[in-house]
Amino acid sequence: MNYFSFYQIPESFLPDEKAIQTKYYALSREYHPDFYTLEPQEKQQEILEKSTLNTNAYRTLSNFDKRMQYILEQHGMLEEGGANDLPQDFLMEVMELNELLMDLEMEYNSTTFKIVSDQTGEIEGHIKSEIWPVLEAYETFPPEKQAEALKQIKNYYLKERYLLRIKESLNKFASSSDR
Numbered sequence: 022m023n024y025f026s027f028y029q030i031p032e033s034f035l036p037d038e039k040a041i042q043t044k045y046y047a048l049s050r051e052y053h054p055d056f057y058t059l060e061p062q063e064k065q066q067e068i069l070e071k072s073t074l075n076t077n078a079y080r081t082l083s084n085f086d087k088r089m090q091y092i093l094e095q096h097g098m099l100e101e102g103g104a105n106d107l108p109q110d111f112l113m114e115v116m117e118l119n120e121l122l123m124d125l126e127m128e129y130n131s132t133t134f135k136i137v138s139d140q141t142g143e144i145e146g147h148i149k150s151e152i153w154p155v156l157e158a159y160e161t162f163p164p165e166k167q168a169e170a171l172k173q174i175k176n177y178y179l180k181e182r183y184l185l186r187i188k189e190s191l192n193k194f195a196s197s198s199d200r
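According to our numbering, the sequence shown holds residues 22 to 200 in order.
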């Protein structure tokens, strides 16, 4: 079952997080296995499945990145292989950052570290500012406009995953560079 349907809320990249939490707690009480110990095994199994569904729905919908991935997967937007291509201009931009990261691996340099860190932050800020209006309005779009928005959001999501790998490398350098 779709998590949004399960929680009876509209599909949204920016849902009311308080509503998600409220629904989670209500369903946690409703489907708590301890309340069904005297029921037949079949009913206990059903309640356990609903309890697990509730936990998984909450973990996914209450986390921005997991929620975005979930929605994209629900619409078949994230695929294995070449269907997740990133724009060439973005790849060229981050290729330079990756080259600088390789330089840092060979010999740490605080100036190079700062350049990579600053440029990564700038790119991230730019792509977030471009996608935020789409995320905010997604729920109100008609279906054909939602389909186009999903393509833009997928592009953002893939870029963000790429930048996350760069940031993880930077964190590794930051923790080992306390020299």
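Cβ coordinates follow ideal geometry from the N, Cα and C atoms, glycine included.
This one's a predicted model, so the numbers in the text were calculated from it and none came from an experiment.
Candidates the options: closest to residue i by CA position
i    : options                : result
R88  : K180, L156, K193       : L156
M267 : P163, F162, S72, L99   : Any answer about residue 267 is impossible in this case: the structure gives the chain only from 22 up to 200.
D37  : L184, F85, E126        : F85
F34  : N77, Y183, I92, G146   : I92
H96  : S150, P164, Y57        : P164
I152 : T161, K166, Q173, F162 : Q173
Presumed contact (8 Å Cβ cut-off) between residue i and residue j, rounded CB distance
i    : j    : result
T133 : L121 : 6 Å
M98  : K175 : 5 Å
Y79  : I41  : 7 Å
Straight-line gap, residue i to residue j (C-alpha atoms, nearest Å)
i    : j    : result
T81  : Q90  : 9 Å
H53  : I68  : 7 Å
D110 : I144 : 12 Å
A47  : K193 : 41 Å
D55  : S49  : 11 Å
R200 : E126 : Caution applies to R200, whose pLDDT of 44 falls short of 50 and renders its modelled position unreliable; the model cannot decide the point.
E51  : E32  : 23 Å
E70  : N130 : 53 Å
L74  : G146 : 34 Å
E117 : L107 : 15 Å
N119 : A195 : 16 Å
Whether residue i touches residue j by CB criterion (8 Å)
i    : j    : result
Y177 : I148 : yes
Y28  : K44  : yes
A168 : Y159 : no
V115 : Y183 : yes
Check whether the stretch 133 to 142 and the stretch 183 to 194 are in contact - that is, three or more C-beta pairs closer than 8 Å. yes
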